[in-house]
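Take a look at the structure set out below.
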Amino acid sequence: GKSGLAMLSFAVGFTDIDPFILSVLGGHFPHVSMQELTGAILIAAGSNNILKAGYTAIFGKHAVVRCVVVYLVLLGLVSIGWGFFISGTFLL
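The sequence shown maps to residues 330 to 421 in my numbering.
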């Protein structure tokens, strides 16, 4: 259901999201609404931004790294929250 797709998209975001997004946009989910698909893409992109924040924190060498990490985490959290809101899935 909705929560399964949302959790899958969250997990996929920590890997390579391109095949997932191409699959979603390719029409491989005919019984899922456009809002749920949009939410899934946003959730995957958000968790991918959190992964990138981790990479930046580990491999970044400059003082600006902290600002970039905070920005990526905030962007990721907002994207994930917006994705859950759009898809109508709430994990409360």
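Note that beta-carbon positions come from the ideal geometry of N, C-alpha and C, so glycine has one too.
Spanning the alpha carbons of L380 and L401 requires a straight line of approximately 9 Å. For T385, the enclosing alpha helix (DSSP H) begins and ends at M363 to F388.
In the structure shown, I415 falls within a helical segment according to DSSP collapsed to helix, strand and coil.
Separation of the CB atoms of A369 and L334 is rounded to 5 Å, and the pair is thereby assigned contact status at 8 Å. A Cβ-Cβ distance of about 13 Å is found for the pair T367 and I409, leaving them out of contact under the 8 Å criterion.
The straight-line gap separating the alpha-carbon atoms of S352 and I346 is approximately 10 Å. G412 and H391 have their C-alpha atoms roughly 32 Å apart.
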